[in-house]
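Beneath this line is the structure, given in structure tokens, with notes to follow.
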Amino acid sequence: MDSLTQALLGATVGEAVLGNKIGRKASVLGIIGGTLPDLDVLVQSSMSTVEGVLFHRGPSHSITFALITSLLFGWIALKLQKRTSISYQNWFLFFFLVIFTHPLLDAFTNYGTEILWPFLDARVAWKTIFVIDPLYSIWLLAGVIFLLFYGKTNNFRKRIALWALALSSSYLLLTVYHKYHVDKKVTEYLESNSEPYERIMTVPSPVCNWLWTVVIDKGDHYQAGYFSMLIAEQDFRDSVIPKNSPAEWMKDKEELAGLKHFSNDWLQYKKSVDGKTIVNDIRFGPMLGWYNPDSGFIFSFEFEKGENGIIVKQNQKQPEGKIKEELGKLWSRIWSTDINK
1 MDSLTQALLG ATVGEAVLGN KIGRKASVLG IIGGTLPDLD VLVQSSMSTV
51 EGVLFHRGPS HSITFALITS LLFGWIALKL QKRTSISYQN WFLFFFLVIF
101 THPLLDAFTN YGTEILWPFL DARVAWKTIF VIDPLYSIWL LAGVIFLLFY
151 GKTNNFRKRI ALWALALSSS YLLLTVYHKY HVDKKVTEYL ESNSEPYERI
201 MTVPSPVCNW LWTVVIDKGD HYQAGYFSML IAEQDFRDSV IPKNSPAEWM
251 KDKEELAGLK HFSNDWLQYK KSVDGKTIVN DIRFGPMLGW YNPDSGFIFS
301 FEFEKGENGI IVKQNQKQPE GKIKEELGKL WSRIWSTDIN K
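Numbering (our numbering), first residue to last: 1 to 341.
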């Protein structure tokens, strides 16, 4: 999720655990702990392109990292806060919860986390919520704002924090149901029409959790489009994307193997006129949505055969088109299959 939401989550969890004992310090320490896992970007910048993609939300987003840092920070807090009656066990629990809820929330997104590293390097990605979702964050923000008006001795502080967590978590559970519903409807549609397919991917769209992206792997190509929770009968295939094959010189390279692992092999290959091969991770879709599949993909990589090996660069091209206009089309798609209405 976005950094602001993670900070709000850390602050709210911190208040729920120790807010009645250390007051606003619980929010501050919660923000620090809640944003700590994303400091992996400082190390990521010194890595190669593929290594950096694999490292982000990797070890720092694991339960192992949360346990080790909580043991350390709990000991430091115990030494620095000797005047309080808080035990080492309580400090450990505080830091573990504010740190581990970060990767746990990220596991509900499309990017996922290596939450079981180093025992399992597979990414856990439940794909139920978009990386920015105001309907999740608003409850945490409201809770933090209300907490500003209450002193640490006020018993109402903990209730506010718990209510904020309960409401945001309830919405998160709703997104799980939405995904179950979309998966069920898409599968039923394909099977009722006896359409062959290899696998299906469903992810929430940027506009809200009531509009979903559907990608169907048909073997040699993908079919992609949108599914609205509010429309009974609809065709959710707006684009056809050929898979193609990687160039021979890159098939056995570890860089490509890394991207296959990262994307669960939801990849498309395109040859450019200058001899490079473009590798698109289609999970995150085109920059201007599936109504504009040629607008360039959000996660796109250039593979080039160099003298000393493969050169991989992440595409940073800006989309040609009006982003606000395309978001407007997606908003219209929630209510109708005719986006021009």
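We treat Cβ as the ideally placed atom computed from N, Cα and C, and that holds for glycine.
Asked                                                                                                                        : Found
Contacting residues, own chain, Cβ-Cβ under 8 Å from Thr-84 (five flanking each side not counted)                            : Lys-21, Ile-22
Helix, strand or coil at Arg-237 according to DSSP, with G and I counted as helix                                            : coil
Helix, strand or coil at Thr-187 [DSSP, three-state]                                                                         : helix
Segment contact flag, the stretch 151-165 with the stretch 107-114, C-beta cutoff 8 Å, min 3 pairs                           : no
Reference Gly-34, options Ala-232, Glu-191, Phe-73, closest by Cα                                                            : Phe-73
Best match in Ile-310, Trp-331, Leu-267 for proximity to Ile-209 [C-alpha to C-alpha]                                        : Before going on, a small fix: residue 209 reads as Asn here, not Ile. The candidate whose alpha carbon is nearest that of Asn-209 is Trp-331.
Cβ neighbours of Glu-255 in the same chain (closer than 6 Å, five flanking residues each side left out)                      : Val-50, Ile-310, Val-312
Chain-order list of residues whose beta-carbon lies under 6 Å from that of Tyr-10 (same chain, five-residue window excluded) : The amino acid occupying residue 10 in the given sequence is Gly; Tyr does not appear at that position. Gly-30, Ile-31, Gly-33, Gly-34, Val-98.
Three-state secondary structure (DSSP) of Val-131                                                                            : coil
Extent of the continuous alpha helix (DSSP H) run through Arg-333                                                            : 323-335
For Thr-213, the three-state DSSP class (helix, strand or coil)                                                              : strand
Touching by the beta-carbon criterion (3+ pairs, under 8 Å), the stretch 38-46 and the stretch 167-179                       : no
Opposing strand residues paired with Phe-301 [DSSP bridges]                                                                  : Val-279, Gln-314
Rounded separation between Met-250 and Asp-274 - CA only                                                                     : 16 Å
Residue environment, Glu-15, which counts as buried when at least 16 other CB atoms sit within 10 Å                          : buried
For Gly-289, three-class secondary structure by DSSP                                                                         : coil
CA nearest to the CA of Ser-170, picked from Gln-316, Ile-138, Met-47, Asp-121                                               : Ile-138
Coil, strand or helix - Gly-225 by DSSP                                                                                      : strand
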